[in-house]
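Asks: Here's a structure for you.
Protein chains: 2
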Amino acid sequence: MRLVIASCQVDYAGRLTAHLPVATRLLIVKSDGSVLIHSDGGSYKPLNWMSPPCTLVVGRDEEGQLEWLVEARNGDTLRIVLRHVVSDSSYELGVDPGLRKDGVERHLQELLAEHPASLGDGLTLVRREFPTAIGPVDLLCRDLDGASVAVEVKRRGDIDGVEQLTRYLELLNRDPLLSPVHGLFAAQEIKPQAKVLAKDRGIRCVTVDYDSLRGMDDPSARLF
Amino acid sequence: MRLVIASCQVDYAGRLTAHLPVATRLLIVKSDGSVLIHSDGGSYKPLNWMSPPCTLVVGRDEEGQLEWLVEARNGDTLRIVLRHVVSDSSYELGVDPGLRKDGVERHLQELLAEHPASLGDGLTLVRREFPTAIGPVDLLCRDLDGASVAVEVKRRGDIDGVEQLTRYLELLNRDPLLSPVHGLFAAQEIKPQAKVLAKDRGIRCVTVDYDSLRGMDDPSARLF
DNA sequence: ACGTTGATTTCGTAA
DNA sequence: TTACGAAGTCAACGT
Numbered sequence: 167m168r169l170v171i172a173s174c175q176v177d178y179a180g181r182l183t184a185h186l187p188v189a190t191r192l193l194i195v196k197s198d199g200s201v202l203i204h205s206d207g208g209s210y211k212p213l214n215w216m217s218p219p220c221t222l223v224v225g226r227d228e229e230g231q232l233e234w235l236v237e238a239r240n241g242d243t244l245r246i247v248l249r250h251v252v253s254d255s256s257y258e259l260g261v262d263p264g265l266r267k268d269g270v271e272r273h274l275q276e277l278l279a280e281h282p283a284s285l286g287d288g289l290t291l292v293r294r295e296f297p298t299a300i301g302p303v304d305l306l307c308r309d310l311d312g313a314s315v316a317v318e319v320k321r322r323g324d325i326d327g328v329e330q331l332t333r334y335l336e337l338l339n340r341d342p343l344l345s346p347v348h349g350l351f352a353a354q355e356i357k358p359q360a361k362v363l364a365k366d367r368g369i370r371c372v373t374v375d376y377d378s379l380r381g382m383d384d385p386s387a388r389l390f
Numbered sequence: 167m168r169l170v171i172a173s174c175q176v177d178y179a180g181r182l183t184a185h186l187p188v189a190t191r192l193l194i195v196k197s198d199g200s201v202l203i204h205s206d207g208g209s210y211k212p213l214n215w216m217s218p219p220c221t222l223v224v225g226r227d228e229e230g231q232l233e234w235l236v237e238a239r240n241g242d243t244l245r246i247v248l249r250h251v252v253s254d255s256s257y258e259l260g261v262d263p264g265l266r267k268d269g270v271e272r273h274l275q276e277l278l279a280e281h282p283a284s285l286g287d288g289l290t291l292v293r294r295e296f297p298t299a300i301g302p303v304d305l306l307c308r309d310l311d312g313a314s315v316a317v318e319v320k321r322r323g324d325i326d327g328v329e330q331l332t333r334y335l336e337l338l339n340r341d342p343l344l345s346p347v348h349g350l351f352a353a354q355e356i357k358p359q360a361k362v363l364a365k366d367r368g369i370r371c372v373t374v375d376y377d378s379l380r381g382m383d384d385p386s387a388r389l390f
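Protein sequence lines, in the order shown, are assigned to chains A and B. Here my numbering runs 166 ahead of the position in the first sequence, where the first position is 1. Here my numbering runs 166 ahead of the position in the second sequence, where the first position is 1.
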């Protein structure tokens, strides 16, 4: 990995074209050839970049300025003109073991599958990832009256999730063995517009608490 | 901006929990307090990070190892234990003038507004950003039969865009002055599932070529 | 301040 | 290999 601090000017041409006026920035060149251009602020996203696989060729522009030409297979180009180099250093980092995550939507779905009653009194699980022609329904449950309940699980519930569930319900209700199928939209947070749309379509909304569900899943509870 | 090369171990707790085993990485501390952790590969996205606003407190863990505790207002925490520091340097970068872009969806919409016939024979523009109660329709056109055509423009056409256009059409068709309003889904690339859904709803799909549109917009063509 | 939409999205997973 | 959905998405824009 090579780190360069330099005042530079950048031009990108690919899916779009973009330009960065002269300023002092951090340039990162990774061992796979990819390049990141960071300013001292903003977010984790660089101002501009080139994804691997790509090649970096160093040369001089017509004014004799140091110029990096980064090119990708698909023709995308990143042109960096270096005005003044403050620092330039390289390091050997080796391969990274990578990130381990826990607590994403999949886990929420697993926890709700283990504790369907937390979604509604007396609710029992029929099947997780219930298959349909347009994709699997997150959870298919049965309520106290024996009616089917299709559950869509989201971390953050917005209008798209309600649309998705609506499509499932339309399809499932065509099946006389299942019909009537009710809808239930479960998420850690549900946006107002999604709530309105869900209500309008007779879909019940449930806000779930990941931490308390995780608590129910405490290993000590499995001793029984 | 502070750059540190060090072997480190990282734990994040926030919306999710994540863990990085010990390895040598690049740590970037920006002047707004945000922290990025990069490996020597991957993409522009860091392995882990903390967005501003946040605070960095340096201390020692129970084993006496150097420890960075990065905390955000909302309680998210990033804990970095430094085993061996290879390099540690700081630089004054100043404020960045920022990125200028050209060629995003807005431009595609502008080009199509200038050349509506490229979407269908004899199509003419009534109005760009035609207002409705649930938001503006990208383009409202009229076809050879004098019927209205609502156009949704996307760079990449997926199922969401079809849903969005469907909601517009439902609303527009309630207006007796406009009805019947046909739907047209225009994008540089349309996914198969979106095509299926669009066809099912009687919405026509058109794949547009940005480069050839830009060519039609060539300044020399404006001499007439 | 809040909500919605776009992004050179990137990244994983399943078909 | 491709296609589709999720993301600690972030950031810009309109209300």
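Glycine included, C-beta positions come from ideal geometry on N, C-alpha and C. Small disclaimer: the values here were computed from a predicted structure and weren't measured.
From what residue to what residue does the alpha helix (DSSP H) around Gly327 (chain B) run?
Replies: Counting along the chain, the alpha helix (DSSP H) containing Gly327 (chain B) begins and ends at 325 to 338.
Asks: Assuming contact is defined by CB atoms lying nearer than 8 Å, are Val328 (chain B) and Ala316 (chain B) in contact in what I supplied?
Replies: The answer is no: Cβ separation not under 8 Å.
Asks: For the alpha helix (DSSP H) that Glu280 (chain B) lies in, which residues bound it at each end?
Replies: Counting along the chain, the alpha helix (DSSP H) containing Glu280 (chain B) begins and ends at 271 to 280.
Asks: Quick one: which chain B residues come within Cβ less than 8 Å of Val270 (chain A)?
Replies: Neighbours of Val270 (chain A) on chain B, chain order: Leu182.
Asks: For a cutoff of 8 Å on Cβ pairs, would you count Asp206 (chain B) as touching chain A?
Replies: Interface residue, yes.
Asks: Do Leu202 (chain B) and Ile194 (chain B) have their beta-carbon atoms positioned less than 8 Å apart in this structure?
Replies: Going by C-beta atoms, Ile194 (chain B) is nearer than 8 Å to Leu202 (chain B).
Asks: Do Gly225 (chain A) and Glu233 (chain A) have their beta-carbon atoms positioned less than 8 Å apart in this structure?
Replies: For Glu233 (chain A) and Gly225 (chain A), yes; Cβs fall inside 8 Å.
Asks: Determine which residues share a DSSP beta bridge with Val322 (chain B) and list them.
Replies: Going by the sequence as given, residue 322 (chain B) is Arg instead of Val. Answer by DSSP bridge pairing, in chain order: B:Glu355.
Asks: In the DSSP output, which residue or residues are listed as bridge partners for Asp268 (chain A)?
Replies: In the DSSP output, where bridge partners are listed per residue, Asp268 (chain A) has B:Thr183.
Asks: With a threshold of 8 Å between beta-carbons, can Asn214 (chain B) be considered close to chain A, or not?
Replies: By this cut-off, Asn214 (chain B) is an interface position.
Asks: Does the region 212 to 219 of chain A come close enough to the region 279 to 299 of chain A that 3 or more CB-CB pairs lie under 8 Å?
Replies: Segments in contact, no.
Asks: Less than 8 Å between the CB atoms is what I'm expecting for Arg308 (chain B) and Val292 (chain B), so what's the real figure, rounded?
Replies: With a Cβ gap of about 6 Å, Arg308 (chain B) and Val292 (chain B) count as contacting.
Asks: I want to verify the contact list: residues of chain A whose CB lies under 8 Å from the CB of Glu329 (chain B), in sequence order.
Replies: Those within 8 Å of Glu329 (chain B) in chain A are Asp326, Glu329.
Asks: At a Cβ cut of 9 Å, what residues of the region 254 to 281 of chain A count as close to chain B, listed as they run along the chain?
Replies: Within the region 254 to 281 of chain A, the residues whose Cβ lies closer than 9 Å to some Cβ of chain B are Ser255, Tyr257, Glu258, Leu259, Gly260, Val261, Asp262, Pro263, Gly264, Leu265, Arg266, Lys267, Asp268, Gly269, Val270, His273, listed in chain order.
Asks: Buried or exposed for Gly381 (chain B), please, with buried defined as at least 16 other CB atoms from any protein chain shown within 10 angstroms of its CB.
Replies: Its Cβ having fewer than 16 others within 10 Å, Gly381 (chain B) is exposed.
Asks: Take Leu310 (chain B) and list the residues in its own chain whose beta-carbon comes closer than 6 Å to its own, dropping the five residues that flank it on each side.
Replies: Around Leu310 (chain B): Gly288.
Asks: Given that Lys365 (chain A) touches chain B, what residues does it touch there, using C-beta distances under 8 Å?
Replies: Correct list: empty, because the minimum Cβ distance to chain B is about 16 Å.
Asks: So the candidates are A:Thr290, A:Glu271, A:Phe296, A:Ser217; which of them puts its Cα closest to the Cα of Ser197 (chain A)?
Replies: Checked all of A:Thr290, A:Glu271, A:Phe296, A:Ser217; the closest Cα to Ser197 (chain A) is A:Ser217.
Asks: Roughly how many angstroms separate the alpha carbons of Pro297 (chain B) and Ala360 (chain A), rounded to a whole number?
Replies: Computed Cα separation, rounded: 22 Å.
Asks: Closest to Asp377 (chain A) by CA distance: which of A:Ala189, A:Met167, A:Ser200, A:His273 is it?
Replies: Considering only alpha carbons, the answer is A:His273.
Asks: Would you mind giving the Cβ-Cβ distance between Thr243 (chain B) and Ala179 (chain B), rounded to the nearest angstrom? I have them listed as a contact below 8 Å.
Replies: Confirmed, Cβ separation roughly 5 Å.
Asks: What in chain B is Cβ-close to Val252 (chain A), meaning under 7 Å?
Replies: Here the neighbours are Tyr257.
Asks: With distance defined between alpha-carbon atoms, name the residue in A:Leu248, A:Asp227, A:Gly260 nearest to Ser173 (chain A).
Replies: Out of A:Leu248, A:Asp227, A:Gly260, A:Leu248 has the C-alpha closest to the C-alpha of Ser173 (chain A).
Asks: Would you mind telling me which residues of chain A sit closer than 8 Å to Arg191 (chain B), beta carbon to beta carbon, in chain order?
Replies: Result: Leu259, Asp262.
Asks: I want to verify the contact list: residues of chain A whose CB lies under 8 Å from the CB of Tyr210 (chain B), in sequence order.
Replies: In chain order: Ser200, Leu202, Lys211, Pro212, Trp215, Ser217.
Asks: Between Ile369 (chain A) and chain B, is any beta-carbon pair separated by less than 8 Å?
Replies: Chain B contact via Cβ: absent.
Asks: Whole angstroms is fine: what's the gap from Gln275 (chain B)'s alpha carbon to Arg294 (chain A)'s?
Replies: Straight-line Cα distance between these residues: approximately 42 Å.
Asks: Could you compute how far the alpha carbon of Val313 (chain B) sits from the alpha carbon of His348 (chain B)?
Replies: According to the sequence shown, residue 313 (chain B) is Ala rather than Val. For Ala313 (chain B) and His348 (chain B), the distance between alpha carbons rounds to 8 Å.
Asks: Restricting to Cα atoms, I'd like to know which of B:Val374, B:Leu344, B:Ile369 is closest to Glu355 (chain B).
Replies: Of B:Val374, B:Leu344, B:Ile369, the residue nearest in Cα terms is B:Val374.
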